[in-house]
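In the working numbering, the protein residues as written are 819 to 1234.
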DNA sequence: CGTCCACAGGAATGACGGGCGG
DNA sequence: CCGCCCGTCATTCCTGTGGACG
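And the structure:
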């Protein structure tokens, strides 16, 4: 009975409250707007590079750099969409294949997407990579078309698999008779070039475009543009907009970040029944995004990663501000015994610590303690309370947050 | 000024479950 | 159903190293 009343109230408020969003989707990452403020130069340049396609010529391979949220993907997709439209009216046989290398993950799946783009049917798995490569090549040549392959976040692929694959792709034109292939590589990492074989680099970056981060003013313009479509009239105060832009500008000028902030702030405001997004909503959104990110990361850890994190947590609780690898491994082994997991090797735990560092749950840095060795100092990267909160709700590790390791008291005695 | 600690982190290899062609 | 290859995780073995100590 009471439940129903509560729900009534919630629904009632949702209906009556002023609407903040006109179209929430406009603030999503995958939305490609019709206007991309402050990217006219890049659009023009990229357009010039791919233009030969309209005369059924191969266009140059292109390399594109820029940090996340600088509009790389949006510009590329925007231009290629327009190009596709144009080629269709002109009857040019163009195909475009967009692949995100980080999401795609492996060479196999990358080739599978390429085959897909050429309408070559391949199984999800089971074939040799070489076989897939051949099928793709055959499919491409049979189609007698121009193919533009966009490899987004290509640095991730090379870091994980090496540059052999890129080498094969850049050389493919030599053995194609009826078709031509062009590559567009997109990288977030400016130092990516150094990882590449010079031969691959020279053929891949026949042309180069760099996307500089947006500054606060530019971010403001972008937000303003999107607000017109996404939000109701007057739903955003000017102060909130510039705060949003400023926060995102501080974080490498990331437009994606700015849009996330705005969207979440809008949700917060709407839930409150407010008609207008204020500075305060933006601040709340900032905290909420971070909080959700951490909780999500914590929940999805593998058991052993949880044990490693729990070890750091316990050391932290025992006033060991920054533990070293050896200490952590010692505590970790004890926790393993306690929970009936067989302990992994120190090498592996070291790897897990690095993974946790990348996600931001730990902060680690290599230090030399001279005579006493070279190791890693590791601190918790997040509030202790969050670890406790999440782990307490996880039956497998719940008991650990209250445990006091034996080796800990020994260790501190030894050191003092 | 050389030593030597306590690891970092690369490379090679193996175990394992999944999924396919034949 | 077999044999093959896949990707993932883990182990083993290894070489490299910053700097306090003697």
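Built from N, CA and C at the ideal position, the CB exists for glycine as well.
Query raised in the report: According to the Cβ coordinates, are residue 1055 and residue 1120 closer than 9 Å?
Result: By 1-based counting over the first chain, the position of residue 1055 is 237. By 1-based counting over the first chain, the position of residue 1120 is 302. Not closer than 9 Å, so no.
Query raised in the report: Do residue 911 and residue 869 have their CB atoms nearer than 9 Å?
Result: Here the question's residue 911 lines up with position 93 in the first chain. Here the question's residue 869 lines up with position 51 in the first chain. Their beta carbons are not under 9 Å apart, which means residue 911 does not touch residue 869 by this criterion.
Query raised in the report: Taking only runs of the alpha helix (DSSP H) that begin and end inside the segment 1003 to 1075, which ones reach a length of at least 4 residues, in chain order?
Result: 1016 to 1022, 1034 to 1048 and 1056 to 1068
Report task. Below 6 Å CB to CB, which residues in the same chain sit around residue 938 once its five sequence neighbours on both sides are set aside? Result -> Here residue 938 refers to the residue found at position 120 when the first chain is read from its first residue. Around residue 938: 953 and 957.
Query raised in the report: So is residue 1217 buried or exposed if we call it buried at 16+ other beta carbons inside 10 Å?
Result: As a working note, residue 1217 is residue 399 in the first chain. Exposed, by the Cβ-count rule.
Requested in this report: Tell me where the beta strand (DSSP E) around residue 1217 begins and ends.
Outcome: The residue you call residue 1217 lines up with position 399 of the first chain. Taken as a continuous stretch (DSSP letters only), residue 1217 belongs to no beta strand (DSSP E), as it is neither H nor E.
Query raised in the report: Any chance the segment 1036 to 1047 sits against the segment 891 to 898, with 3 or more Cβ pairs inside 8 Å?
Result: no
Query raised in the report: Measuring CB to CB, does residue 901 end up less than 9 Å from residue 917?
Result: Numbered from 1 along the first chain, position 83 holds the residue referred to as residue 901. Numbered from 1 along the first chain, position 99 holds the residue referred to as residue 917. No, Cβ-Cβ distance for residue 901 and residue 917 is not below 9 Å.
Requested in this report: State yes or no: is the C-beta of residue 1099 within less than 9 Å of the C-beta of residue 1083?
Outcome: Within the first chain, numbered from 1, the residue matching residue 1099 stands at position 281. Within the first chain, numbered from 1, the residue matching residue 1083 stands at position 265. In this structure, residue 1083 lies closer than 9 Å to residue 1099 by Cβ.
Query raised in the report: Candidates 1127, 1156, 1158 and 1160: which alpha carbon is nearest residue 1145's?
Result: Working through the first chain from its first residue, we reach residue 1145 at position 327. Residue 1127 is the option with its Cα nearest to residue 1145.
Query raised in the report: DSSP state of residue 991, grouped into three classes?
Result: What you label residue 991 is simply residue 173 of the first chain in a count that begins at 1. Of the three classes helix, strand and coil, the one that applies to residue 991 here is helix, per DSSP.
Report task. Take residue 1199 as the anchor and find which of 959, 1180, 887 and 1053 has the nearest alpha-carbon. Result -> Locating residue 1199 in the first chain gives position 381, counting from the first residue. Closest by alpha carbon: 1180.
Query raised in the report: Taking contact to mean at least 3 C-beta pairs separated by less than 8 Å, is the segment 1140 to 1160 in contact with the segment 1101 to 1108?
Result: no
Requested in this report: Just list the beta strand (DSSP E) runs in the segment 1178 to 1225, keeping only unbroken ones of 3 residues or longer that don't cross its boundaries, in chain order.
Outcome: 1180 to 1186 and 1192 to 1198
Query raised in the report: So, is residue 1194 buried or exposed, given that buried needs 16 or more other C-beta atoms within 10 angstroms?
Result: Walking along the first chain from the start, residue 1194 turns up at place 376. Classification for residue 1194: buried.
Query raised in the report: Rounded C-beta distance between residue 1032 and residue 1058? I'm assuming under 8 Å.
Result: Along the first chain, read from residue 1 onward, the residue named residue 1032 stands at position 214. Along the first chain, read from residue 1 onward, the residue named residue 1058 stands at position 240. Actually they do not touch by this definition, with Cβ atoms about 18 Å apart.
Query - DSSP-derived helix/strand/coil call for residue 821 - result: For the purposes of this step, residue 821 is taken as residue 3 along the first chain, with counting starting at 1. Reduced to three states, the DSSP call for residue 821 is helix.
Query raised in the report: If we ignore side chains and look at the alpha-carbon of each, how far apart do residue 1141 and residue 1224 end up?
Result: In the first chain, counting from the first residue as 1, residue 1141 sits at position 323. In the first chain, counting from the first residue as 1, residue 1224 sits at position 406. Roughly 16 Å separates the two Cα atoms.
**Report entry** Inter-residue CB distance, residue 847 and residue 1074 (contact presumed, cutoff 8 Å)
**Finding:** Position 29 of the first chain holds residue 847. Position 256 of the first chain holds residue 1074. Contact holds; Cβ gap of about 6 Å.
Query raised in the report: Start and end of the beta strand (DSSP E) containing residue 910?
Result: Stepping through the first chain from its first residue, residue 910 is reached at position 92. Unbroken run through residue 910: none, as it is neither H nor E.
Query raised in the report: Should residue 1006 be labelled buried (16 or more other beta-carbon atoms within 10 Å of its own) or exposed?
Result: Position 188 of the first chain, counted from the first residue, corresponds to residue 1006. Per the 10 Å Cβ criterion, buried.
Query raised in the report: Along the chain, where does the alpha helix (DSSP H) that runs through residue 1116 open and close?
Result: The residue given as residue 1116 occupies position 298 in the first chain. 1097 to 1117 is the span of the alpha helix (DSSP H), which, as asked, contains residue 1116.
Query - With 16 other Cβ atoms within 10 Å as the buried cut-off, status of residue 1191 - result: If you number the first chain from 1, residue 1191 lands on position 373. So residue 1191 counts as exposed.
Query raised in the report: Using the C-alpha atoms, what's the distance from residue 1124 back to residue 1149?
Result: Position 331 of the first chain, counting from 1, holds the residue named residue 1149. Position 306 of the first chain, counting from 1, holds the residue named residue 1124. Answer to the nearest angstrom: the Cα atoms are 13 Å apart.
**Report entry** Sub-9 Å separation of residue 904 and residue 928 beta-carbons
**Finding:** Here residue 904 corresponds to residue number 86 of the first chain, with the count starting at 1. Here residue 928 corresponds to residue number 110 of the first chain, with the count starting at 1. No. Outside cutoff.
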